[in-house]
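One structure is given here, and the rest of the page talks about it.
Numbering (UniProt numbering), first residue to last: 1 to 455.
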């Protein structure tokens, strides 16, 4: 009996233990299920949050996201561009009236203090930019606004067939131009002189692809600028010129032109102003001259000459002119600042040329004479301008200047090079004005007064 009772109690204990184990297992399963359910809920919650953020219903980002950066900030500068002729002609150009090509409230573009030339069209239309620069403006916006005023310029020259002796007009070169003014009769285009030089016919390629013949109004090798005109019916857009004197190094710019011909017409490149008032010496059709220009790294290739350098307001602040083309040089281009372009353009529109004083001498820098010859020619002089020729009947001839004379000063201003001579005359001497030259002749210093003439 005792054994049976003990066995029964043991079985009861074992049964209780089994029930507890079953209960614990069930609890573990329930806990595991609850844990998995919590994880699923968290994942679903996270997924819904992400979706809501993507849909914009919930945002964890700031309420004031950054606005797009504007394409650029302002620009400008001053420039003088030119060349020496084989018989030196010199002057200061007196700009009695400049067309106001900037935005204004007047009824048209007017010339101040001048009654000889009125650039205000009879239509009383203000040819200024309608483009409104905003923080959201892009390069594409600016290009779209300005491009219709950019043209291709083709230089056609007559060539004689050596077999049948007939002549035909063939393309000698091409460049770019900018429509800068329009009146009731014509649209006026500014370009580089070297683009249209020696052309028998000049053609202009318009924004819509049409080509029309252009007339040369005036050209100037010294400044490397020329003005063309076409019938006003072909002009839909006139570019606005900005103030280049506000230019800062680092300002962003874009260049529009026709590199490598009309096949790549209105190509757009972007860069910055790398320098303002860079002085470089270049060879032009009329000789060597020192230029003061804007430097930019915006690509300026053959065919871009005469095209526009543009600021963030869609204003032309330079006329692309030169590029240093060497295998080891990249990203150095030059442009004539707008503040120098406009007065020259007005002078060319009014007179067809730039009036300058005339001396009638051929010059050579003393510093460039080989040392072997220098002693016999100029003695101990190290600087100055050596006269290699005097034109008969010229102001220099009348005043008594001779070959082998060395000019060392003008009006007591020291002259070391032909560039110094030209700069002084262009800036301070008007045609017909008298100047005093200090010269060395046969080793002796002399003073000679010369009355300049108009070229």
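All C-beta atoms in this analysis are idealised placements derived from N, C-alpha and C, irrespective of residue type, glycine included. Just so you know, these numbers come straight off a predicted model, no measurement behind them.
In chain order, what residues of the same chain lie with their CB nearer than 7 Å to the CB of residue i, ignoring the 5 residues before and after it?
| i | result |
| --- | --- |
| residue 201 | 156, 169 and 213 |
| residue 338 | 241, 242, 244, 316, 317 and 318 |
| residue 403 | 387, 388, 389 and 390 |
| residue 250 | 272 and 273 |
| residue 147 | 207, 256 and 266 |
| residue 235 | 179, 182 and 187 |
| residue 324 | 332 |
| residue 121 | In this prediction, residue 121 scores a pLDDT of 31, lower than 50, which makes its location untrustworthy; no coordinate-derived value is stated. |
| residue 411 | 435 and 436 |
Quick one: what does DSSP say residue i is sitting in, helix, strand or coil?
| i | result |
| --- | --- |
| residue 139 | helix |
| residue 291 | strand |
| residue 226 | strand |
| residue 419 | helix |
| residue 244 | helix |
| residue 33 | Residue confidence for residue 33 is low, a pLDDT of 49 falling below 50, so the modelled location carries little weight; the figure read from the coordinates is stated next. Helix. |
Whose C-beta lies closer than 6 Å to the C-beta of residue i among residues of the same chain, with five residues either side of it excluded?
| i | result |
| --- | --- |
| residue 177 | 151, 153, 189, 191 and 306 |
| residue 299 | 269 |
| residue 453 | 358 and 395 |
| residue 173 | 155 |
| residue 143 | 268 |
| residue 280 | 291 |
| residue 158 | 167, 169 and 200 |
| residue 443 | 379 |
| residue 419 | 290 |
| residue 361 | 88, 387, 390 and 396 |
Within the same chain, show all residues whose beta-carbon is closer than 8 Å to that of residue i, passing over the 5 residues directly before and after it, in chain order.
| i | result |
| --- | --- |
| residue 440 | 378, 379, 381, 384, 405, 406, 408 and 446 |
| residue 460 | For residue 460 there is no data in the structure shown, the boundaries of the chain being 1 and 455. |
| residue 449 | 399, 434, 435, 436 and 437 |
| residue 367 | 382, 383, 416 and 417 |
| residue 352 | 217 and 218 |
| residue 185 | 231 and 232 |
| residue 229 | 186, 187, 188, 189, 214, 215 and 217 |
| residue 369 | 377, 378 and 386 |
| residue 310 | 142, 146, 253, 254, 255, 256, 316 and 317 |
Sort out for me which residues DSSP pairs residue i with in a bridge.
| i | result |
| --- | --- |
| residue 455 | Answer is none; residue 455 lacks a bridge partner. |
| residue 271 | 253 |
| residue 278 | 293 |
| residue 450 | 435 |
| residue 219 | 226 |
| residue 445 | 440 |
| residue 236 | None, per the DSSP bridge assignment. |
As an exercise, report each continuous beta strand (DSSP E) stretch of at least 3 residues that is fully enclosed by the stretch 302-352, in chain order.
Annotation: the stretch 302-352 contains the following complete segments of the beta strand (DSSP E) (minimum length 3 residues), in chain order: 308-310, 316-323 and 333-337.
Entirely within the stretch 147-217 and at least 4 residues each: give me those alpha helix (DSSP H) ranges in chain order.
Fully enclosed alpha helix (DSSP H) runs of 4 or longer: 193-196.
If you scan the UniProt domain "PDZ" (343-443) from start to end, which runs of the beta strand (DSSP E) of 3 or more residues do you find wholly inside it?
Unbroken beta strand (DSSP E) stretches of 3 residues or longer found wholly inside the UniProt domain "PDZ" (343-443): 361-365, 385-390, 406-410 and 434-441, given in chain order.
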